Amino acid sequence: MNTKHKKIFNAIFTDPINENVEWRKIEALFLALGAEVEKGKGSRVTFILKGLKLDIHRPHPGTEALRYRVKGHL
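Residue numbers 77 to 150, in our numbering, belong to the letters of the sequence shown in order.
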């Protein structure tokens, strides 16, 4: 995990979350951690990491995952 990944990790696990986070950065973080990505119907994406699953919807039409949606899923 590089410094950019650490910054995103800290941003999404801060309580309360201070900012909206770009989807591509969240996805890059999970991939860097070794998660598998399964794309479902519509905008649904499942990250699988060490047997744990996280289902989340890719934001649309924007590119940022709104902080209340991230908090609600992590």
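Just so it is clear, CB atoms sit at the ideal spot from N, CA and C, and this is done for glycine as well.
All of these numbers come straight from a predicted model, not from anything done at the bench.
Residue pairing for L128: DSSP places it in a beta bridge opposite L125.
DSSP places H81 within a helical segment (H, G or I) once states are collapsed to three.
Ranking R143, N96, T139 and M77 by CA distance to the CA of S119 puts T139 first. Annotation: K101 is outside any beta strand (DSSP E); the continuous alpha helix (DSSP H) that includes it extends over W99 to A108.
Taking a contact to require three or more Cβ pairs closer than 8 Å, the region 78 to 91 and the region 101 to 108 qualify as touching.
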